[in-house]
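Here the protein sequences line up with chains A and B, keeping their order.
Heads up, the first sequence is in this note's numbering, so the first residue is 1 and it goes up one at a time.
Heads up, the second sequence is in this note's numbering, so the first residue is 1001 and it goes up one at a time.
All residues carry an ideal CB built from backbone N, CA and C; glycine is no exception.
One structure is given here, and the rest of the page talks about it.
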Amino acid sequence: MNRRPLTGWGRTNATVADVLEVPNHEVAAAVKEAGPRGALVRGLGRSYGDAAQNAGGLVLRLLGSAHQAVLDAEAGTVTVPAGVNLDELLRVIVPRGWFVPVTPGTRFVTIGGAIASDIHGKNHHVEGSFGNHLVSISMLLADGSTVVVGPDAQAELFWATVGGMGLTGVILDATIRLLPIETSRMSVDTTRIPDLDTLFAEMSEGDDDFRYSVAWIDLVAKGSSLGRSVLTRGDHARLDQLGPKEAVSPFAYGPHQLVSVPPLVPPMGVLNHATVAAFNEVWFRKAPRHREGELQGIGAFFHPLDLVGSWNRLYGAKGMVQYQFVVPFGAEDTMRTVIERLSASGAASFLAVLKRFGEGNQAPLSFPAPGWTLALDVPGASRGLGDLLHGLDRLVLDAGGRHYFAKDAHTTAAAIRRGYPRLDEWKAVRDAVDPHGVWQSDLSRRLGLTD
Amino acid sequence: MDNALGEPQTILLLGGTSDIGLAIVRELLSPAARTVVLACRDLEKGEAAAAGLRHASLTVDVVAFDADDTASHEAVVADVAARHGDIDLAIVAFALLGDGAITSTDTTAAAAIAHTNFTANVTATIAVANRMKAQGHGGIVLLSSVAGERVRKQNPVYGGTKAGIDGFAQGLGDGLADAGVHMMVVRPGFVQSAMTAGLKAAPFSTTPEHVASVVAKGLRSKRRTVWAPGILRFVFMALRHTPGPLWRRLPLG
């Protein structure tokens, strides 16, 4: 046991907890030792805020290996320990012709974390979030028993666990439906979009023709260029789309890091309005006006930020805050106002990501809902950031939108209650399986999820 | 829990009617704030202060706190935590100025000041720190004074207690850092407040509001010591090294 400070990927707001690494079969014994501050499982710490922290309590890290994954090629499923991450899993399944049903913008998330946050990716508009592709979850409950839940078995508990931020029990293993692929390459269309209205129109009309779609917006651009962006859409390349060279090894897959940011970055960071504006300009000019059918690797298409290890250090000692919300279709004006305010605030923001969501699922705390989602990061030290973000919260909530737990680091219990009207329904399920409040996190305390 | 912007949800003000303490509370209130606890001896005055803070989404609780009853401090903190959960930020803001002419000659008066300003500050801070260590997070703002940086002959008891509490807080704070608890010592100069009403303002005098803004900024960047106004850091750097024979002749009020 090792008492040490933990933060999320944003590197803000460290709190101290007892950290213990355990294999799945020792989790129950470890949880019994938890004190009044309870226990929580932490994956790779890629949620940006305090979701994977438990101040003063116990934080477990699950040991597990992708070699323990059981691939059922006939059913098209894989059963895998929750502590395994997508990077490890992809290295096992891609060469065998399978892909994960949903991947976020980084491979470095665990299966347990993917379920707890009900993560989404570029295919949400057609295939929904991670929870939609689960066959079953094996989980440890607060009373020490282990249960297997799924859409057809204890469905209430299953859906409370999907998106439940680790507060219903410990996810030990999961069986996931995979996507068969013909190659490890992506066929990608890229289009430069001059402004926000064009982007909304283009995504509304064209997204459904593609499995994957996302737009990167330059938040520094103002006026008539407000919302200028690069839209990339694509699908897994078919075998007949590969050139003769690539066709030799259609499932080649070996993503790597180009560089890693060293621990010693100047305390004020290197990302400020000037450097970000320059970067965004180059990035926009570099993108082709329109290009179709370009072949890209899985890493380049899905996980570009993973090329730079520990990129969060670029923000310096004060870290960064990630802001992600969704507003329903019809609230395009709200999205415009949010982008205008961010652009006018001068808070240096790297490229933001805009995505058109499809239908949500049954999970009461799952984030995605039909509409537009925007994700961006800002340096934690920005002056006036509190006023800016609390102001944006009001706009988002008034439009019927909500915030993403895995990203959130600043919002309030009241904002969550408004954004997630089914919170009480979720709490009822949670209270039934954890009457004494064993599962706790900094996020649950801050947002009153377990009050 | 504090959020990533350093906005506390639950604030405990020990010395719940302190002008500077209340100004700091007002400065730190944000939409994230849920509870403020004013711990004070004069409950009527505490209620009046609470009325000025309260709004629809902010609970303001006034609790009885007799600083001089050091044996009660742990129970007061435990009671606040039991009713309001984690204490994100505690402000230790109770002290007596005393009349230097009296306290430097009257042993009973001196003992009373020393007890409140030093002993009671120590025990209250330790009570809060223990709770925060168990929580694994928290921040403590302790009001020291430039008077402790180099003690003046005009009020040696007050200055001496501030020198003592300042050193204590720094030492305790260093030990708390690894436990996730942040200690910040505030060294204001002459602050126009109830404590100094009727006194002639010293050079570089300031207001509770200014002290509060310095505190808020210091908390955001996790400073260990802040001065208000900031220039006093340099003024006292010079005064600290002023030769004794010259120092005691300086017209410092």
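Just how far apart, CA to CA, sit residue i and residue j?
i	j	result
Ile1140(B)	Arg341(A)	34 Å
Asn312(A)	Leu63(A)	24 Å
Arg46(A)	Pro250(A)	31 Å
Glu1149(B)	Gly1230(B)	14 Å
Arg291(A)	Ala215(A)	15 Å
Ala30(A)	Ile298(A)	38 Å
Ile1165(B)	Phe1190(B)	18 Å
Ala414(A)	Trp1247(B)	56 Å
Gly169(A)	Thr79(A)	19 Å
Thr1161(B)	Pro36(A)	37 Å
Ala155(A)	Val147(A)	12 Å
Ala174(A)	Glu88(A)	15 Å
Thr1225(B)	Ser382(A)	22 Å
Pro1080(B)	Val1181(B)	Strictly speaking, residue 1080(B) in this sequence is Val, with Pro absent from that position. Cα to Cα, the separation comes out at about 18 Å.
Met1(A)	Val59(A)	10 Å
Arg91(A)	Val188(A)	22 Å
Arg1240(B)	Cys1040(B)	34 Å
Lys1200(B)	Arg1152(B)	16 Å
Smallest Cα separation from residue i: which of the options?
i	options	result
Ser1145(B)	Ala1095(B), Thr1059(B), Gly1138(B), Ala1111(B)	Ala1095(B)
His133(A)	Phe284(A), Leu385(A), Ala363(A)	Ala363(A)
Arg177(A)	Gly386(A), Val135(A), Gln154(A), Asp209(A)	Val135(A)
Val1025(B)	Leu1089(B), Ala1081(B), Val1122(B)	Leu1089(B)
Asp118(A)	Arg192(A), Arg42(A), Ala406(A)	Ala406(A)
Gly180(A)	Arg107(A), Phe200(A), Ala75(A)	A small fix is needed here, since residue 180(A) is Pro in this sequence, not Gly. Measuring from the Cα of Pro180(A), the nearest candidate turns out to be Ala75(A).
Trp98(A)	Ser145(A), Val220(A), Thr12(A), Tyr253(A)	Tyr253(A)
Thr334(A)	Gly380(A), Ala399(A), Asn123(A)	Ala399(A)
Asp207(A)	Val41(A), Tyr315(A), Lys355(A)	Lys355(A)
Asp152(A)	Val27(A), Gly316(A), Lys122(A), Ile137(A)	Ile137(A)
Ala1093(B)	Pro1243(B), Pro1208(B), His1137(B)	Pro1208(B)
His236(A)	Asn123(A), Phe329(A), Gly131(A)	Asn123(A)
Ala1169(B)	Asp1178(B), Gly1159(B), Met1184(B)	Met1184(B)
Glu127(A)	Leu172(A), Phe108(A), Asp209(A)	Asp209(A)
Gly1021(B)	Ser1193(B), Pro1243(B), Ser1221(B)	Ser1193(B)
Pro1188(B)	Ile1113(B), Thr1242(B), Ala1163(B)	Ala1163(B)
Ser349(A)	Gly163(A), Ala142(A), Val220(A), Ala432(A)	Val220(A)
Ala1071(B)	Arg1083(B), Glu1044(B), Asn1121(B)	Asn1121(B)
Val338(A)	Gly360(A), Trp372(A), Ala300(A), Asp434(A)	Trp372(A)
Val454(A)	Pro304(A), His67(A), Leu141(A)	Outside the shown range of chain A (1 to 451) lies residue 454(A), about which nothing can therefore be said.
What residues in its chain sit with their C-beta under 6 Å from that of residue i, if we drop five residues either side in the sequence?
i	result
Val1060(B)	Val1036, Ala1050, Leu1053, Arg1054
Arg1233(B)	Trp1227
Glu1007(B)	Ser1030, Ala1032
Ala375(A)	Gln324, Val353
Ala1110(B)	Thr1103, Val1157
Glu332(A)	Phe200
His120(A)	Ser129, Pro368
Pro5(A)	Ala14, Val16
Ala1212(B)	Ala1023, Ile1024, Glu1027
Phe302(A)	Thr103
Evaluate residue i with the Cβ neighbour count: other Cβ atoms within 10 Å of its Cβ, from every protein chain shown; 16 or more gives buried, anything less gives exposed.
i	result
Pro263(A)	exposed
Val282(A)	exposed
Ala278(A)	exposed
Asp18(A)	buried
Phe329(A)	exposed
Met320(A)	buried
His1210(B)	buried
Asp218(A)	buried
Leu167(A)	buried
Gly227(A)	buried
Quick one: residues in its chain with C-beta nearer than 8 Å to the C-beta of residue i, no 5 flanking neighbours on either side, listed in chain order?
i	result
Val259(A)	Leu307, Val308, Gly309
Leu239(A)	Glu182, Thr183, Ala247, Pro250
His1137(B)	Met1001, Asp1002, Asp1086, Asp1088, Gly1180, Val1181
Val1128(B)	Leu1012, Leu1014, Val1077, Ile1087, Ala1090, Val1092, Gly1138, Ile1140
Glu33(A)	Leu58
Pro243(A)	First, the amino acid is wrong: residue 243(A) is Gly here, not Pro. Within the same chain, Gly243(A) has close Cβ partners Leu295.
Ala1114(B)	Val1157, Gly1160, Thr1161
Quick one: residues in its chain with C-beta nearer than 7 Å to the C-beta of residue i, no 5 flanking neighbours on either side, listed in chain order?
i	result
Thr110(A)	Gly43, Leu44, Ala82, Gly83, Val84, Asn85
Met268(A)	Gly316
What do you reckon, is the C-beta of residue i under 6 Å from a heavy atom of the ligand GDP?
i	result
Gly1021(B)	The ligand GDP is absent from the structure shown, which contains no ligands of any kind.
Could you name the residues of the stretch 370-389 of chain A whose beta carbon sits closer than 9 Å to any beta carbon of chain C, in the order they occur along the chain?
Going by chain labels, chain C is absent from the structure shown, which instead holds the protein chains A and B.
How about the stretch 409-425 of chain A and the stretch 351-366 of chain A: do they share at least three Cβ pairs that are nearer than 8 Å?
Taking 8 Å as the limit for Cβ pairs, the verdict is that the stretch 351-366 of chain A does touch the stretch 409-425 of chain A.
Any contact of the stretch 387-399 of chain A with the stretch 1010-1022 of chain B, i.e. 3+ C-beta pairs under 8 Å?
By the criterion of at least three beta-carbon pairs nearer than 8 Å, the stretch 387-399 of chain A is not in contact with the stretch 1010-1022 of chain B.
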